[in-house]
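Residue numbers (this note's numbering): 62 to 379.
What follows is the structure, encoded as structure tokens:
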């Protein structure tokens, strides 16, 4: 039985901020998130983290999201625990998670309702520049899904961070965007009006080169091969990541112009691309100063949610 009263489908993306389990993985740099580490990352904190993430996912507008993109997830077991110990268990989720070379061992992941979408194929695309092998970064997750006879091509990304300076690290994000664009071009070469959905933490703003010049992503695309940035509203103060009291719109959703409607099964409410910015995800300090309600502030345990806000989007069936 279909669990939607209406033919509305919700997509969300969330940077989970260090969603690690408590078990030492010798192949990953997870030593900060072990019971005997400075952060004393134990079972109680791990399951509180799960409850926090589930609370956010469950409270995003609409029913349980049909597509959930995540990043900073350590293992598939983390996803299984998240689903098993929350209302997500009422869904019918299948899950994909990358296994990339990032030294911290954090991955991109996708949960999708397999009662709605059928997985046709998937791929993990390297975003590490072979000429800069010391700068290993997360893989791009790609999933080809189908609803009925119509395809949707979903990408979940987590581009290289700005640690070391925005200008010095920009080349890494431009390279990662180039790898993503190459895959999108190959899909559109076969199917010109293919439905493309990209969601993730770009570690760049909507007007940075990786988005505008490489991905050709704009708030108002003019060509069929361009992408529309549905989270780039242009409103002052909009953002998903707070740094030095300034909001940065790092977490974004891009859709191809083929989502605009017409006689297709899957369409997109282009005005529904939004940031989920609720008071419970923030902390208010002295003189009204706002900060993110994070899991940790350095090594100090806060018990909050994440250092990023989620973004979401509504799809519907004509």
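We put the beta carbon where it would ideally sit given N, CA and C, even for glycine. Note that this is a predicted model, so its numbers are computed, not measured.
Leaving aside the five residues before and after residue i along the sequence, list all residues of the same chain whose C-beta is less than 6 Å from its C-beta, in chain order.
i	result
residue 222	264
residue 89	166
residue 368	78, 353, 355
Which class does residue i belong to by DSSP, given the choice of helix, strand or coil?
i	result
residue 164	coil
residue 77	strand
residue 238	helix
residue 328	strand
residue 337	coil
residue 98	coil
residue 370	coil
residue 278	strand
residue 357	strand
residue 108	helix
residue 116	helix
residue 251	helix
residue 84	coil
residue 90	coil
residue 121	coil
residue 136	coil
Near residue i, what residues of its chain come up, given a Cβ to Cβ distance below 8 Å and the 5 sequence neighbours on each side ignored?
i	result
residue 212	181, 205, 206, 252, 255, 256
residue 146	108, 111, 112, 115
residue 309	266, 300, 301, 302, 303
residue 346	352
residue 134	77, 80, 140, 158, 167, 168, 169, 170
residue 333	291, 373, 374, 375
If residue i and residue j are in contact, beta carbons under 8 Å, what's the gap, nearest whole angstrom?
i	j	result
residue 71	residue 375	6 Å
residue 77	residue 96	Actually they are not in contact, since the Cβ atoms of residue 77 and residue 96 sit about 20 Å apart, beyond 8 Å.
residue 169	residue 219	5 Å
residue 289	residue 272	Incorrect: roughly 11 Å between the Cβ atoms, too far for contact.
residue 151	residue 128	About 16 Å separates the two Cβ atoms, so there is no contact after all.
residue 131	residue 75	6 Å
residue 233	residue 269	About 12 Å separates the two Cβ atoms, so there is no contact after all.
residue 275	residue 216	Not a contact, Cβ separation roughly 14 Å.
residue 327	residue 370	The pair is not a contact, with the Cβ atoms about 26 Å apart (cut-off 8 Å).
residue 354	residue 362	At roughly 12 Å, the Cβ-Cβ gap does not stay under 8 Å, so residue 354 and residue 362 are not in contact.
residue 356	residue 99	The pair is not a contact, with the Cβ atoms about 14 Å apart (cut-off 8 Å).
residue 85	residue 91	7 Å
residue 318	residue 287	7 Å
Within a Cβ cutoff of 7 Å, which residues of the same chain sit near residue i, ignoring the five residues on either side of it in sequence?
i	result
residue 200	159, 161, 169, 185, 186, 187, 188
residue 174	127, 152, 153, 154
residue 177	70, 127, 208
residue 245	257
residue 358	none
residue 320	256, 328, 329
When the Cβ atoms of the region 222-237 are set against those of the region 132-146, are three or more pairs found closer than 8 Å? no
3-residue-minimum beta strand (DSSP E) runs that sit fully inside the region 153-233, ordered along the chain: 154-158, 168-174, 179-186, 201-208, 211-219
Pairs of beta-carbons, one from the region 145-163 and one from the region 287-307, closer than 8 Å: are there three or more? no
For a minimum of 3 consecutive residues, which ranges assigned as the beta strand (DSSP E) are wholly contained in the region 298-323? 302-304, 307-309, 312-317
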